[in-house]
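In my numbering, the protein residues as written are 35 to 210.
Built from N, CA and C at the ideal position, the CB exists for glycine as well.
So, in structure tokens, the structure goes:
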């Protein structure tokens, strides 16, 4: 219940450094918090910061994750975290939702169109305090995490699945 995953390029644009700071704060209340950081990018810099802050037991830097590694990480985690500064609609969020994970992300790009109160928590980019509060909130209430995950599976099934997309395309063709 205290395990999170972040999938995407490691670095400033994806909010990786904010997430590391937030976990440093959350660790005080939830010493067993764990977060997997998976992706390419500033891997060495992230490892250095994690070591400097003595967070090796809390933050595991995975590096690049292929499809099977992503699934393994999503199975180990209860929440997907993506505190990005700039996005369109990240596949990582849709993948996390499809796997029944609660979402913590930011109010950028198309994310607010998909992540609502019933299926995640949105914060402003760079707001480490709110990110910390969101992490703690999910750590402290597994029932909400589970309900949110179920909501995400339902949402993906009805709006973003292959069947849903095929139905939308069929409607467009019928209208033409």
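| Check | Outcome |
| --- | --- |
| Per DSSP, the bridge partner or partners of residue 37 | 68 |
| Buried versus exposed, by CB contacts within 10 Å (16 or more), residue 62 | exposed |
| Nearest-angstrom beta carbon gap, residue 116 and residue 40 [assumed within contact, 8 Å] | 6 Å |
| Buried versus exposed call for residue 209 [16 or more other C-beta atoms within 10 Å across all chains shown] | exposed |
| For residue 68 and residue 174, the rounded distance between their alpha carbons | 14 Å |
| Sequence-distant residues of its chain with Cβ nearer than 8 Å to residue 48 (five each side left out) | 40, 42, 73, 75, 116, 117, 118 and 119 |
| DSSP bridge partner residues for residue 156 (one or two, in chain order) | 139 |
| Nearest candidate by alpha-carbon position, reference residue 178, set 155, 204 and 71 | 155 |
| Which of helix, strand or coil DSSP assigns to residue 97 | strand |
| Same chain, Cβ closer than 8 Å to residue 94, neighbours up to 5 away in sequence not counted | 68, 69, 70 and 71 |
| Those residues which DSSP pairs with residue 75 across a bridge | 44 |
| Completely contained beta strand (DSSP E) runs for the stretch 161–199, where each covers 3 or more residues | none |
| Pairwise C-alpha distance: residue 83 and residue 139 | 22 Å |
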